[in-house]
Amino acid sequence: MNLFKKIFNSRKTGLKKVLKKEQEEQYLEKNAYAVDELFTINFNKNGGKFLYSTSIDEVHVFLKKILEENKWDDKSVLILSSKLKKQFSSFHWKTTKNISDAQLLFTTCEYLIAFDGSLLISSNQIAEKKLKELPKNFIVFASTSQIVQTIGQGLQGIKAKNKKNIPSNITTIKHFKIDKDNNFMNYGSSSKNLYLILLEDL
0 MNLFKKIFNS
10 RKTGLKKVLK
20 KEQEEQYLEK
30 NAYAVDELFT
40 INFNKNGGKF
50 LYSTSIDEVH
60 VFLKKILEEN
70 KWDDKSVLIL
80 SSKLKKQFSS
90 FHWKTTKNIS
100 DAQLLFTTCE
110 YLIAFDGSLL
120 ISSNQIAEKK
130 LKELPKNFIV
140 FASTSQIVQT
150 IGQGLQGIKA
160 KNKKNIPSNI
170 TTIKHFKIDK
180 DNNFMNYGSS
190 SKNLYLILLE
200 DL
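This is the structure in structure tokens:
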């Protein structure tokens with residue numbers, strides 16, 4: 000799902016506006032859930048796999064379990080963020096710089112959107128790569144403070160955090176089920192087999 004470029008008056012990225020502010024507000028008025036609960040409900044509806052952690056040690060435990068359960072222990076992992084790579088430098092896994100060699104992508108995100116259970120990402124996470132160019136398996140590490148109600152709030156947050164250098168390639172990931180039948184309704188979307196490890200930081 001692409002967003003529209005007018006938000007930041009930035010370079011031409013060809014992003015499209017899919018959700019209108021009015022739709023978001025109407026939806027939120029009808030759903031009185033806490034923002035974190037609403038995100039969890041919609042994320043699960045989208046087919047995402049969710050793991051909640053209260054410490055970085057627990058994050059490492061979950062990460063190891065995900066690799067073991069999917070038999071990815073000896074598979075190559077792509078990490079495009081140098082900051083994330085440094086943060087998990089003590090974790091034992093096989094990394095690669097080549098997308099073609101990678102079985103999965105380990106990344107962060109900009110924000111978690113409660114409105115539709117999607118993940119807002121940018122060039123900070125995936126550089127200038129298109130989602131379809133990346134591995135089908137994603138493991139995303141995020142924190143509870145990154146949950147916001149709407150995409151609009153997420154875009155405002157990106158702008159506020161990056162006043163001097165707003166990232167490009169801003170998009171959302173929403174489809175977390177690999178559609179073997181190539182369903183017509185999901186045509187044009189980039190479905191990912193996605194695990195979210197959420198760290199409590201509030």
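For the sequence shown, numbering that gives the first Met the number 0 begins at 0 and goes up steadily by one.
The beta-carbon is built from N, C-alpha and C at its ideal position, and this holds for glycine as well.
Small disclaimer: the values here were computed from a predicted structure and weren't measured.
Check for me: the beta strand (DSSP E) holding Phe137 runs from which residue to which?
136 to 142
For the beta strand (DSSP E) holding Thr94, just list the boundary residues, first then last.
93 to 95
How should Thr106 be labelled, buried or exposed, when 16 other C-beta atoms within 10 angstroms of its C-beta is the threshold for buried?
buried
Hey, Ile146 and Asp56: beta-carbon distance below 8 Å or not?
With contacts defined as CB atoms closer than 8 Å, Ile146 and Asp56 fail to qualify as a contacting pair.
What residue does the beta strand (DSSP E) around Ile196 start on, and which one ends it?
192 to 198
Along the chain, where does the beta strand (DSSP E) that runs through Phe114 open and close?
For Phe114, there is no enclosing beta strand (DSSP E), as DSSP gives it neither H nor E.
Check whether the Cβ atoms of Val76 and Thr94 lie closer than 8 Å to each other.
yes
Closest residue to Asp72 among Ala101, Gly116, Ile125, Lys131 (Cα-Cα distance):
Ala101
Check whether the Cβ atoms of Ser117 and Thr171 sit closer than 8 Å, and answer yes or no.
Yes; because the gap between Cβ atoms is below 8 Å, this pair is in contact.
Is the beta carbon of Leu119 less than 8 Å from the beta carbon of Ile150?
yes
Quick check on Ala159: buried or exposed, where buried means 16 or more other Cβ atoms within 10 Å of its Cβ?
exposed
Do you know how far the Cα of Ile169 is from the Cα of Lys162?
15 Å
Cβ neighbours of Lys84 in the same chain (closer than 8 Å, five flanking residues each side left out)
Ile78, Thr94
So, with DSSP's three-state summary, where would you put Phe105?
strand
Can you tell me the Cα-Cα spacing of Ile65 and Leu154, whole angstroms?
Taking the straight line from one Cα to the other gives about 30 Å.
Just to confirm, is the Cβ distance from Asn45 to His174 under 8 Å?
yes
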